[in-house]
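Working notes, beginning with the structure itself.
There are 2 protein chains.
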Amino acid sequence: MWGSARSLRRSVGWIAQVLLVFVPGWAEAREDRMVRTPAEYEQALDRSRPGDRIVLANGEWRDFQVLFNAEGEDGRPITLTAQTPGAVILTGQSNLRMAGRHLVVSNLVFRDGWSPTGEVVSFRQNRQNRAVNSRVTGIVIDGFSKPDRSESDNWVAMYGFGNRFDHSHLIGKTNAGTTLVVVRDEEQGLENRHLIDHNWFGPRPPLGSNGGETLRIGTSHDSESSSFTTVTANWFERTNGEVEIISNKSGQNTYRGNVFFEAEGALTLRHGDGAVVEDNVFIGNGRPNTGGIRVINRNNTVRNNYMEGLRGEGFASALTILYGVPNSPLNRYVQVQNAVIENNTLVDVAEVALGEGMDTERSAPPIDSRFARNLIVNRDGSDPVRMTGDLGGIAFEGNVVSAHATILPGAESRTVALSRGRGGLMVPQGVDGIGARRDLAFVGRNAVGVSWYPKDAERAALDSGQTIAVAAEEDALTLAARTAAPGDRLVLAAGDHVVNAVLAVETPLTVEGPSDGEARILFSRPTLFEIGRHGSLKLANLSISGAEAPDAAGNAVVRAGSDAFGYRLELSGVRVSDLTVNRAFDLIAAEPGSLASRIVLSAVTAEGLTGSVLRASAETRDLGTYNAEVVEVTGSTFRRIAGPAIDLYRGGTDESTFGPRLTVSGTTFQGVGQGGAVPAAIRLIGVQRAELTANRFTESGPVRFERRVGAPVLIWRDNQADADPFLFSNVEAQ
Amino acid sequence: MWGSARSLRRSVGWIAQVLLVFVPGWAEAREDRMVRTPAEYEQALDRSRPGDRIVLANGEWRDFQVLFNAEGEDGRPITLTAQTPGAVILTGQSNLRMAGRHLVVSNLVFRDGWSPTGEVVSFRQNRQNRAVNSRVTGIVIDGFSKPDRSESDNWVAMYGFGNRFDHSHLIGKTNAGTTLVVVRDEEQGLENRHLIDHNWFGPRPPLGSNGGETLRIGTSHDSESSSFTTVTANWFERTNGEVEIISNKSGQNTYRGNVFFEAEGALTLRHGDGAVVEDNVFIGNGRPNTGGIRVINRNNTVRNNYMEGLRGEGFASALTILYGVPNSPLNRYVQVQNAVIENNTLVDVAEVALGEGMDTERSAPPIDSRFARNLIVNRDGSDPVRMTGDLGGIAFEGNVVSAHATILPGAESRTVALSRGRGGLMVPQGVDGIGARRDLAFVGRNAVGVSWYPKDAERAALDSGQTIAVAAEEDALTLAARTAAPGDRLVLAAGDHVVNAVLAVETPLTVEGPSDGEARILFSRPTLFEIGRHGSLKLANLSISGAEAPDAAGNAVVRAGSDAFGYRLELSGVRVSDLTVNRAFDLIAAEPGSLASRIVLSAVTAEGLTGSVLRASAETRDLGTYNAEVVEVTGSTFRRIAGPAIDLYRGGTDESTFGPRLTVSGTTFQGVGQGGAVPAAIRLIGVQRAELTANRFTESGPVRFERRVGAPVLIWRDNQADADPFLFSNVEAQ
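So the protein sequences, as listed, match chains A and B.
Residue 48 is where the first sequence starts when you use this note's numbering, and the numbers rise one by one after that.
Residue 48 is where the second sequence starts when you use this note's numbering, and the numbers rise one by one after that.
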């Protein structure tokens with residue numbers, strides 16, 4: 048069309064212009080207006096008529112808050128697009144608001160900045176003016192996150208009705224708030240009938256608190272009405288923001304033919320009735336917390352879905368049917384009624400949780416429901432089914448479970464042979480009519496998102512860069528760290544390395560000792576390494592002394608700044624001593640707001656600290672936030688440590704996160720955490736899973752483990768202690 | 048000299064160059080090398096010989112870390128200076144290090160950035176290489192503070208010996224660490240014999256923790272040795288960083304002829320013996336916490352000083368003699384012995400504290416000391432002298448106190464007539480030989496610092512800008528706030544103002560309602576106003592509703608971000624309601640790291656909050672930091688508030704700050720702070736002074752007041768309560 052319109056103009060010349068002005072109804076007339084500045088954009092917008100296109104010139108558009116309000120016509124939309132897909136980049140404080148009807152926006156990229164408002168792409172201008180019958184297609188939003196992780200926004204907010212959001216990339220949201228949300232209210236009409244399809248919801252790291260849903264439709268408030276929105280043929284790839292990947296909160300929505308690839312959490316039918324969840328494929332590849340579908344409420348149908356290799360449990364099981372709250376308020380859990388769960392195939396999943404969540408509040412069992420012709424095959428012969436409470440309200444019919452003894456009522460227990468089908472999914476032999484249909488296919492990764500923007504861009508990894516030798520001279524390491532490229536490895540010469548600056552770690556950085564001799568780092572600032580927004584740090588085979596640190600309370604060898612997010616920190620073969628000049632001198636200190644994805648200490652010797660080896664307990668507001676997702680300590684020795692050697696805190700009572708998780712093995716605690724108001728060698732408050740194996744505690748405080756929410760796990764195995772080893776507190780938080 | 052050397056070169060041409068190279072000893076030969084880039088600077092430095100000057104070209108030098116290492120000769124220093132004083136600005140990540148001997152640096156400005164190391168101007172290159180017999184003169188360091196307030200640095204660090212720092216401006220340090228420090232160690236020799244003179248130590252706001260000294264000489268570790276440093280003819284103007292303006296921590300230093308103008312805290316003889324403090328002038332002008340001289344240790348002389356209008360008490364009294372610790376460790380308090388305190392004049396001071404600080408640890412009284420011929424005149428007839436413990440070790444001789452009945456042993460009690468002398472100081476009549484000498488003069492403000500940089504640059508104040516009308520339209524206020532200039536006043540039209548962005552307050556901003564009708568603000572983001580680094584905010588005569596705020600825990604109407612420092616927040620005639628959508632919804636929330644200089648609430652009505660009216664309790668690490676210096680609440684009404692209406696916290700046991708301070712009067716608390724783990728209508732932990740007058744408490748939790756350090760004051764007067772009104776806990780912190 049564009050091509051033909053241009054030819055037309057070229058041949059007709061000024062007459063065409065006149066025609067455009069005086070015969071606006073002429074079907075073939077269309078203007079393309081290339082604009083180079085926000086002012087030109089405004090002018091072009093003023094002149095646009097149905098069928099016209101505004102074309103943003105290639106380049107960076109910085110701090111451009113686009114307001115696209117116009118009135119197109121059915122079949123003749125007004126379009127806002129890029130000169131070249133992928134070559135128009137909105138950066139800085141930018142966003143897009145749309146209002147009107149029959150609008151199309153396409154081929155824009157949001158990157159290197161964040162929206163100054165609560166939305167990046169919004170299908171409304173303000174409360175009064177929304178976009179309807181409009182489409183956003185081929186949009187990329189890449190890491191366009193507010194730097195303060197606790198400050199929430201929604202990247203895409205769909206208002207109005209009859210809108211479509213498709214073929215877009217949404218990657219790397221790190222702050223709170225949904226990636227895509229459908230906002231409903233009575234004024235606009237509650238029947239949205241939106242279409243959300245062929246998008247690539249790319250990796251999103253765990254938020255470390257509630258508010259990390261990738262997709263939400265509605266809120267509890269209006270959840271008794273129906274949205275009629277369809278979510279189809281999308282990929283959700285490592286969308287690990289929180290326990291709900293999708294939070295369905297309205298009636299009559301359809302989730303069909305989507306792929307959930309290594310995604311932590313579950314498609315959760317949180318509020319609202321009558322959802323259809325079918326033909327979806329969940330591939331966990333054995334990664335922790337990968338889940339399937341969680342059923343709550345009435346009249347939901349879950350059929351012909353395929354799950355494989357999902358390791359999630361509890362609320363993030365492959366299939367979960369929840370207990371409800373009798374006469375539930377809108378914001379709690381409506382009893383499951385009339386659920387139909389049939390013909391799903393589950394291969395090698397960790398758990399199918401039927402009757403999950405039963406407690407004094409959630410006391411209403413599922414009723415009037417059917418669980419039929421599902422196929423559950425674990426190739427190791429285990430039975431993932433876990434049943435709780437009264438499940439008499441579920442009719443179990445014709446299910447097949449591969450375990451030798453299955454607890455599923457009436458299920459046939461037998462060995463089922465599997466083979467990979469053409470699409471890569473497992474196809475069972477000899478159980479016709481059981482499990483998902485044999486020709487179930489799924490949308491390809493290449494068919495979602497846009498073709499012109501990469502799906503596999505990765506940050507530099509630790510040790511992926513150059514190796515750089517650092518002489519044992521004062522501030523040689525300071526200079527080397529300042530000029531290191533992402534992934535570089537600084538190898539220290541034997542001898543003393545005095546550092547007189549805080550080394551800002553803004554990209555992955557490795558600092559290693561020599562293969563012969565010992566490198567020792569001394570530092571004169573309150574902090575040796577400070578991890579920033581995109582930093583990760585590995586320290587290996589070296590020694591660190593706090594003897595030259597300033598005489599101030601609260602020093603730390605490694606500090607995670609308040610914007611450090613999703614970072615890795617590894618210490619291996621590191622000897623730390625003399626952190627004693629003043630009180631509260633830590634080896635690792637996490638500031639409020641920071642969140643580590645993984646902290647690993649192996650063969651670390653820490654002796655003489657007035658603080659903690661790891662202090663990740665800064666989030667004391669009890670809003671469900673915490674400072675470390677996974678902590679692993681092996682083969683280490685901690686001696687003469689005033690505080691708890693490991694101090695992890697997660698307050699709050701929401702059930703939306705998986706962390707913190709801790710393993711400690713083969714580690715010696717001697718003279719640790721004996722003083723203070725609450726003596727503790729290890730203090731774990733609100734930690735979801737702690738596994739302590741083959742450790743030795745002498746002359747140390749106890750291990751404290753306090754539940755705050757959920758069903759936390761403490762595994763205590765083969766440890767030795769010269770005193771009463773641990774305290775378990777099951778007190779509910781206020 | 049410069050002019051003549053230039054003339055010489057001009058006339059002699061290349062022959063002069065040759066002479067310079069081959070006859071370096073020639074007394075008149077001198078090179079001036081103008082440099083325009085860091086690389087040119089390096090080259091010039093390499094070529095510099097005794098007597099030469101390197102001249103930085105006018106302009107901004109960004110991210111320039113100057114290393115000035117060279118060897119001058121006595122009388123023929125090597126100089127680094129500016130093309131034009133005040134026209135060479137070092138910005139960004141810049142600093143200066145010097146090493147060698149006979150160096151001079153002059154006329155540079157550090158601004159708009161901060162040092163990446165622990166020092167801005169350092170008299171050393173590294174541990175091995177220091178500057179000696181060198182001078183820094185005419186330097187300006189203006190607001191060159193690290194943005195993270197808790198990250199400390201020293202602006203000027205004097206190492207070596209025989210150095211001089213003079214005629215410089217040091218203004219507006221906001222992060223931790225001394226403004227100027229003398230660093231001593233045995234390797235360099237402990238006798239520094241530095242001269243610090245004619246500097247203008249300009250305003251420094253309270254740091255809100257230990258570490259805010261303006262000047263420190265030495266540390267406790269080496270305090271038994273002598274520095275022989277002289278501090279003379281400097282101005283300390285509103286240097287309010289902490290309780291010690293000067294922290295003397297070495298022996299045999301002299302403080303002579305300095306002016307302390309409206310400066311909070313005291314010149315403190317913290318460690319080391321044999322200091323002479325004479326001819327200094329302290330002018331308080333009645334400002335709170337303005338102090339004089341605090342005496343600890345042995346052989347200190349305090350004579351001929353003049354104090355007027357000082358309001359400090361306790362450790363910040365006009366004169367304090369401290370109790371000591373028997374056999375004190377180096378870092379505690381050595382018993383006062385052989386102190387000579389004579390011929391000082393004190394006019395209208397709040398307190399003279401003799402025997403201050405006596406407790407179970409500090410149990411050693413002053414001995415072998417003399418307190419003689421001092422004149423203490425309070426024109427209101429009051430007696431500021433406060434005596435504690437056993438003062439038999441002080442010989443009191445010939446003192447005159449104006450009070451009708453004085454408690455000072457042997458002092459003459461009489462009325463003394465005063466008149467202003469020529470220099471502006473009060474001169475007494477008829478008490479010859481008593482008080483400071485009559486011709487005591489002090490250095491003029493114009494004679495300190497540099498002449499080419501202003502001393503009175505002030506930030507824009509609230510209400511100092513334009514008045515801007517804002518229509519009652521969605522996001523009209525958003526736009527107006529974004530484009531407001533510092534000090535502007537936004538006057539809202541009557542009606543609803545919906546705000547869909549977090550309004551960043553980076554400069555002083557006023558938002559007011561109309562004189563007729565009511566303006567109501569509704570907001571859809573988790574925060575309405577977020578105060579940043581240089582922000583202040585005033586809200587007047589308007590209404591704010593939280594009804595449209597997002598369904599998330601931890602929302603706030605006003606949030607002080609972690610970099611908000613020294614800000615003012617005033618709410619007057621503001622009605623706040625419906626902060627209830629989720630829990631922990633506050634009216635004012637201070638983030639960790641933030642510090643308000645003053646928060647004033649007058650005629651505020653707050654009804655229906657799930658959080659607090661003011662939550663300034665984020666610093667839970669107990670390092671002596673806190674979030675609000677002064678809080679004043681008058682004539683307000685707080686109803687149905689879940690948390691404590693006012694929640695202030697200051698942990699830690701150091702005695703280095705004056706805040707937090709609170710006054711609440713004429714305010715009604717109804718249904719406030721009844722729930723939670725620890726019910727409280729007002730929760731004050733570690734607050735130094737709280738005055739509650741004529742308030743009314745009904746159906747509310749108690750007022751909790753817990754001591755953490757010092758001798759906090761709680762004044763409870765004319766309040767009404769329908770239950771046991773308050774709890775006082777005197778438990779020492781751990």
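No residue lacks a Cβ here, since even glycine has one placed at the ideal position from N, Cα and C.
Values in this document were obtained by computation on a predicted structure and should not be read as measured data.
Beta-carbon spacing of B:GLU753, B:ILE732 below 7 Å: Taking the first residue of the second sequence as 1, we reach residue 753 of chain B at position 706. Taking the first residue of the second sequence as 1, we reach residue 732 of chain B at position 685. In terms of Cβ geometry, B:GLU753 and B:ILE732 form a close pair [threshold 7 Å].
task: Give, in chain order, every residue of the stretch 193 to 216 of chain A whose Cβ lies closer than 7 Å to some Cβ of chain B.
output: Hits within the stretch, in order: GLU198, SER199.
message: On the DSSP letters alone, give me the boundaries of the beta strand (DSSP E) that B:THR557 sits inside.
response: Indexing the second sequence from 1 puts residue 557 of chain B at position 510. Here the beta strand (DSSP E) through B:THR557 covers 555 to 559.
- prompt: If we ignore side chains and look at the alpha-carbon of each, how far apart do A:ASN336 and A:GLU666 end up?
  reply: If you number the first sequence from 1, residue 336 of chain A lands on position 289. If you number the first sequence from 1, residue 666 of chain A lands on position 619. When rounded, the separation of the alpha-carbon atoms in A:ASN336 and A:GLU666 is 23 Å.
message: Just to confirm before moving on: does the CB-CB distance between B:ALA584 and B:ALA566 stay below 7 Å?
response: The residue given as residue 584 of chain B occupies position 537 in the second sequence. The residue given as residue 566 of chain B occupies position 519 in the second sequence. The sequence shown places Leu at residue 584 of chain B, rather than the Ala named in the question. No, the Cβ-Cβ distance between B:LEU584 and B:ALA566 is not below 7 Å.
query: Just by C-beta distance, which residues in the stretch 659 to 672 of chain B are closer than 7 Å to chain A?
result: Listed by position, the residues of the stretch 659 to 672 of chain B near chain A (Cβ gap below 7 Å) are THR667, ARG668, LEU670.
task: Pick helix, strand or coil for A:ASN493, following the three-state DSSP scheme.
output: As a first step, residue 493 of chain A must be located in the first sequence, where it is residue number 446. Note: A:ASN493 maps to helix in three-state DSSP.
field: Per-residue burial, A:PRO71 [other beta carbons within 10 Å of its own, 16 or more giving buried]
entry: As a first step, residue 71 of chain A must be located in the first sequence, where it is residue number 24. Caution applies to A:PRO71, whose pLDDT of 42 falls short of 50 and renders its modelled position unreliable; the value that the coordinates give is listed next. Under the 10 Å beta carbon count, A:PRO71 is surrounded by fewer than 16 other beta carbons and is classified as exposed.
- request: Check each candidate in B:VAL349, B:ARG96, B:ARG123 and name the one with the smallest Cα separation from B:ARG182.
  value: Here the question's residue 182 of chain B lines up with position 135 in the second sequence. Of B:VAL349, B:ARG96, B:ARG123, the residue nearest in Cα terms is B:ARG123.
Which listed residue (B:GLY613, B:ASN295, B:ASP765, B:LEU143) has its alpha carbon closest to that of B:SER644: Here residue 644 of chain B is taken as the residue at index 597 of the second sequence, counted from 1. Of the listed residues, the one whose Cα sits closest to B:SER644 is B:GLY613.
message: Please report whether the beta-carbon of B:PRO573 lies at a distance below 7 Å from any beta-carbon of chain A.
response: Locating residue 573 of chain B in the second sequence gives position 526, where the first residue counts as 1. With 7 Å as the cut-off, B:PRO573 counts as an interface residue toward chain A.
- request: Please classify B:ARG317: is it buried, with 16 or more other beta-carbons within 10 angstroms of its beta-carbon, or exposed?
  value: In the second sequence, residue 317 of chain B corresponds to position 270, counting from 1. B:ARG317 is classed as buried because its beta carbon has at least 16 other beta carbons within 10 Å across all chains shown.
- prompt: Going along chain B in order, which residues have a C-beta closer than 7 Å to the C-beta of A:GLU521?
  reply: Stepping through the first sequence from its first residue, residue 521 of chain A is reached at position 474. Counting only Cβ-Cβ distances below 7 Å, A:GLU521 has contacts in chain B at ASN173, ARG174, in chain order.
- request: Pick helix, strand or coil for A:ARG730, following the three-state DSSP scheme.
  value: Locating residue 730 of chain A in the first sequence gives position 683, counting from the first residue. In the structure shown, A:ARG730 sits in a strand (DSSP, three-state: E or B).
query: When the distance is taken between beta carbons, is B:THR710 closer than 7 Å to B:ARG743?
result: Here the question's residue 743 of chain B lines up with position 696 in the second sequence. Here the question's residue 710 of chain B lines up with position 663 in the second sequence. No.
- prompt: Is there contact here, the stretch 491 to 504 of chain A with the stretch 432 to 448 of chain A, by at least three beta-carbon pairs under 8 Å?
  reply: They do not touch, by the three-pair rule.
query: To which residues does DSSP link A:LYS193 through a beta bridge?
result: As a working note, residue 193 of chain A is residue 146 in the first sequence. None; A:LYS193 has no bridge partner.
message: Any beta carbon from chain B within less than 7 Å of A:GLY402's own beta carbon?
response: Taking the first residue of the first sequence as 1, we reach residue 402 of chain A at position 355. No - not a single Cβ of chain B is within 7 Å of the one on A:GLY402.
task: Could you list which residues in chain A have their beta carbon closer than 8 Å to that of B:PRO749, in chain order?
output: Translated into positions along the second sequence, residue 749 of chain B becomes position 702. The premise fails here: B:PRO749 is roughly 17 Å from chain A at the closest Cβ pair, so nothing lies under 8 Å.
- prompt: Between the Cα of B:LEU642 and the Cα atoms of B:PRO707, B:SER624, B:PRO412, which residue gives the shortest distance?
  reply: To locate residue 642 of chain B, count along the second sequence from 1; it is residue 595. Among B:PRO707, B:SER624, B:PRO412, the Cα nearest to that of B:LEU642 belongs to B:PRO707.
- request: Answer yes if the stretch 628 to 637 of chain B comes into contact with the stretch 652 to 662 of chain B, meaning at least three C-beta pairs across the two stretches below 8 Å, and no otherwise.
  value: Short answer: they touch.
task: Can you say whether B:MET81 is buried or exposed, counting buried as having 16 or more other CB atoms within 10 angstroms of its CB?
output: Here the question's residue 81 of chain B lines up with position 34 in the second sequence. Here B:MET81 is exposed. Its C-beta has fewer than 16 other C-beta atoms within 10 Å.
- prompt: From what residue to what residue does the beta strand (DSSP E) around A:GLU325 run?
  reply: Stepping through the first sequence from its first residue, residue 325 of chain A is reached at position 278. Segment 323 to 325, the beta strand (DSSP E) holding A:GLU325.
query: Should B:PRO376 be flagged as near chain A, meaning a C-beta pair shorter than 7 Å?
result: Start at 1 with the first residue of the second sequence, and residue 376 of chain B comes out as number 329. No - not a single Cβ of chain A is within 7 Å of the one on B:PRO376.
message: Mapping the DSSP letters down to three states, classify A:ASP93 as helix, strand or coil.
response: As a first step, residue 93 of chain A is located in the first sequence; it is residue number 46 there, counting from the start. Shown here, A:ASP93 sits in a helix according to DSSP, grouped into three states.
query: Along the stretch 352 to 376 of chain A, what residues have a CB closer than 8 Å to any CB found in chain B?
result: Sequence-ordered contacts of the stretch 352 to 376 of chain A with chain B are nonexistent [C-beta pairs closer than 8 Å].
message: Restricting to Cα atoms, I'd like to know which of A:PHE362, A:ARG580, A:LEU537 is closest to A:ALA758.
response: Translated into positions along the first sequence, residue 758 of chain A becomes position 711. Closest in C-alpha terms to A:ALA758, from the list A:PHE362, A:ARG580, A:LEU537, comes A:PHE362.
query: What does A:ASP598 touch in chain B if you count any residue whose Cβ is under 7 Å from its own?
result: Here residue 598 of chain A refers to the residue found at position 551 when the first sequence is read from its first residue. Near A:ASP598 (Cβ distances below 7 Å), the residues of chain B are THR266.
For A:THR715, three-class secondary structure by DSSP: What you label residue 715 of chain A is simply residue 668 of the first sequence in a count that begins at 1. Strand.
message: For B:LEU761, would you say it is in contact with chain A, using Cβ-to-Cβ distances shorter than 7 Å as the test?
response: The residue given as residue 761 of chain B occupies position 714 in the second sequence. With a threshold of 7 Å between beta carbons, B:LEU761 makes no contact with chain A.
message: What does the Cβ neighbour count give for A:LEU377, buried or exposed, with the cut at 16 atoms within 10 Å?
response: By one-based count along the first sequence, residue 377 of chain A stands at place 330. With fewer than 16 other Cβ atoms within 10 Å, it is exposed.
query: Would you say B:ALA548 reaches chain A, if we count a Cβ-Cβ gap shorter than 7 Å as a contact?
result: The count along the second sequence starts at 1 and reaches residue 548 of chain B at position 501. Yes, B:ALA548 lies at the interface with chain A (some Cβ there is under 7 Å from its Cβ).
message: Could you check whether B:VAL168 and B:VAL203 sit closer than 7 Å to each other, using their CB atoms as the reference points?
response: Position 156 of the second sequence, counted from the start, is the residue given in the question as residue 203 of chain B. Position 121 of the second sequence, counted from the start, is the residue given in the question as residue 168 of chain B. Yes. Within cutoff.
query: Around the Cβ of A:PRO431, are there at least 16 other Cβ atoms within 10 angstroms (buried) or fewer (exposed)?
result: On the first sequence, residue 431 of chain A is found 384 positions in, with the first residue counted as 1. By the neighbour-count rule (16 or more Cβ atoms within 10 Å), A:PRO431 is buried.
- prompt: Under three-state DSSP, which class holds A:SER267?
  reply: By 1-based counting over the first sequence, the position of residue 267 of chain A is 220. In the structure shown, A:SER267 sits in a helix (DSSP, three-state: H, G or I).
message: According to DSSP, simplified to helix, strand and coil, what is B:TYR88?
response: By one-based count along the second sequence, residue 88 of chain B stands at place 41. Judged by DSSP in its simplified three-state form, B:TYR88 adopts helix.
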